[in-house]
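Structure first, commentary second.
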Ligand SMILES: Cc1cc2nc3c(=O)[nH]c(=O)nc-3n(C[C@H](O)[C@H](O)[C@H](O)COP(=O)(O)OP(=O)(O)OC[C@H]3O[C@@H](n4cnc5c(N)ncnc54)[C@H](O)[C@@H]3O)c2cc1C
């Protein structure tokens with residue numbers, strides 16, 4: 106089976122979700138794994154592709170594609186799909202990955218499945234996918250000639266292939282129609298507040314919500330996150346009240362996290378918060394209310410005041 110994966114480049118290498126997507130595509134039995142990189146593929150990206158078992162890297166280096174334009178990138182995906190004779194095209198389930206694949210589906214009259222976490226069958230295509238911002242899972246059958254799907258972040262580990270791939274670079278000619286460039290990104294500005302990359306990549310997240318009581322209620326939360334080599338994550342109430350910056354927010358309108366351990370303190374566990382933390386491997390809730398949704402969904406819970414529990418944990422850790 107021939108599969109093309111759209112690889113997004115972030116800070117000179119394949120983004121984490123792209124590497125996860127490559128591992129996922131390989132796990133589907135893609136004997137012929139191709140990658141599409143829009144722009145010149147940096148050496149680190151080629152190394153990521155080799156490690157993931159990619160056979161061919163289609164490099165769409167046309168200057169017209171330099172600025173992100175969903176329709177033009179969709180043309181590149183179509184060209185790569187033709188070059189690879191793809192049975193399946195997979196994109197990372199990011200804003201761009203989903204947008205580009207939706208354009209491909211619309212242009213080709215195909216169907217796509219977005220934010221997939223598992224494939225039950227390839228023929229017919231039956232998937233499990235995240236819906237309602239990740240708060241629920243849907244099982245969907247997608248009858249389509251060419252299968253298009255995007256992969257939800259953190260659904261699989263970005264594991265290397267048993268044997269590295271050749272990752273042979275093949276220039277890809279894309280016929281860019283000027284009308285495909287009508288909507289394009291003209292400028293990118295970095296968020297001044299900081300960024301959430303540390304939070305989304307953290308193996309341990311110490312979370313706090315309204316139960317922190319105010320901006321001064323985070324001393325033990327910060328100290329514990331530092332002690333455990335992790336990051337701080339907060340609920341929307343906390344960012345709305347200005348207690349902490351937005352880049353620390355976890356949830357539907359914040360970051361999706363998938364740490365090994367999420368310690369959720371003074372957080373009720375609303376559906377919108379859960380959407381961002383449900384992929385955590387182990388959740389420990391610290392809450393005064395034994396009936397709080399976070400407590401009932403967590404793997405473990407401590408019923409108590411976070412202002413007493415966290416200092417006690419810190420003392421225990423020494
Ligand atoms: C469109 C939309 C998008 C949203 N997106 C997000 C999102 O991305 N992320 C998000 O988090 N929310 C989001 N929300 C808000 C969400 O609905 C909740 O309002 C919010 O998550 C609640 O935050 P909280 O748990 O900190 O506060 P609360 O719901 O007030 O819960 C506080 C919890 O702390 C406990 N508590 C109080 N004192 C202590 C103490 N001393 N020690 C221990 N426990 C204590 C209480 O028992 C309670 O369970 C969104 C809402 C909407 C409508």
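Residue numbers (our numbering): 106 to 423. Beta carbons: idealized from backbone N, C-alpha and C, even for Gly. Since this is a predicted model, take the numbers as computed values, not measurements.
Inter-residue CB distance, residue 109 and residue 198 (contact presumed, cutoff 8 angstroms): Residue 109 to residue 198, Cβ: 16 angstroms. No contact.
Please find out if some non-hydrogen atom of ligand 1 comes closer than 7 angstroms to the beta-carbon of residue 397. Under cutoff, so the answer is yes.
Please confirm whether residue 236 and residue 246 have their CB atoms less than 8 angstroms apart. no
Under 6 angstroms Cβ to Cβ from residue 161, same chain only, skipping five residues before and after it: list those, please. 139, 273 and 275
Taking the CB atoms as reference points, tell me whether residue 255 and residue 206 lie closer together than 8 angstroms. Cβ atoms of residue 255 and residue 206: closer than 8 angstroms.
Nearer than 7 angstroms: is that true of the beta carbon of residue 411 relative to any heavy atom of ligand 1? yes
Proximity to residue 264 [Cα-Cα], best of 349, 158 and 313: The shortest Cα separation from residue 264 among 349, 158 and 313 belongs to 158.
Whole-angstrom distance between residue 228 and residue 373, CA atom to CA atom: 42 angstroms
With DSSP collapsed to three states, give me the class of residue 409. coil
Cβ shell of residue 119 (< 6 angstroms), same chain only, five flanking positions each side left out: 112, 150 and 153
Sort out for me which residues DSSP pairs residue 433 with in a bridge. Since the first and last residues shown for the chain are 106 and 423, residue 433 lies out of range.
Using a Cβ-based criterion (distance less than 7 angstroms to any ligand heavy atom), does residue 340 qualify as near ligand 1? Within the chosen limit of 7 angstroms, ligand 1 reaches the beta carbon of residue 340 through at least one heavy atom.
Please find out if some non-hydrogen atom of ligand 1 comes closer than 7 angstroms to the beta-carbon of residue 393. Under cutoff, so the answer is yes.
Rounded C-beta distance between residue 239 and residue 383? I'm assuming under 8 angstroms. That pair is a contact at about 6 angstroms.
Buried or exposed for residue 347, please, with buried defined as at least 16 other CB atoms from any protein chain shown within 10 angstroms of its CB. exposed
Rounded Cβ spacing between residue 352 and residue 301 (contact assumed at less than 8 angstroms): 4 angstroms
Under 7 angstroms: does the beta carbon of residue 315 sit that close to some heavy atom of ligand 1? yes
If you draw a straight line from the C-alpha of residue 411 to the C-alpha of residue 344, how long is it? Between the C-alpha atoms of residue 411 and residue 344 there is a straight-line separation of about 19 angstroms.
Which residue from 156, 163 and 203 puts its Cα closest to that of residue 176? 203
If I measure Cβ to Cβ from residue 415 and keep anything under 6 angstroms in the same chain, skipping five residues before and after, which residues do I get? Hits under 6 angstroms: 325 and 329.
Closer than 7 angstroms: residue 232 CB and nearest ligand 1 heavy atom: no
C-alpha gap between residue 359 and residue 381, whole angstroms: 7 angstroms
With DSSP run on the structure shown, which of helix, strand or coil describes residue 190? coil
With distance defined between alpha-carbon atoms, name the residue in 332, 277, 392 and 315 nearest to residue 170. Of the candidates 332, 277, 392 and 315, the one whose C-alpha sits nearest the C-alpha of residue 170 is 277.
I need the DSSP call for residue 155, collapsed to helix, strand or coil. helix
Please find out if some non-hydrogen atom of ligand 1 comes closer than 7 angstroms to the beta-carbon of residue 310. no
Given that a residue counts as buried once 16 or more other Cβ atoms are within 10 Å of its Cβ, and exposed if not, what is residue 367? buried
In whole angstroms, what separates the C-alpha of residue 284 from that of residue 271? 36 angstroms
Tell me, please, which residues DSSP counts as bridged to residue 137. 107
With 16 other CB atoms within 10 Å as the buried threshold, where does residue 250 fall? exposed
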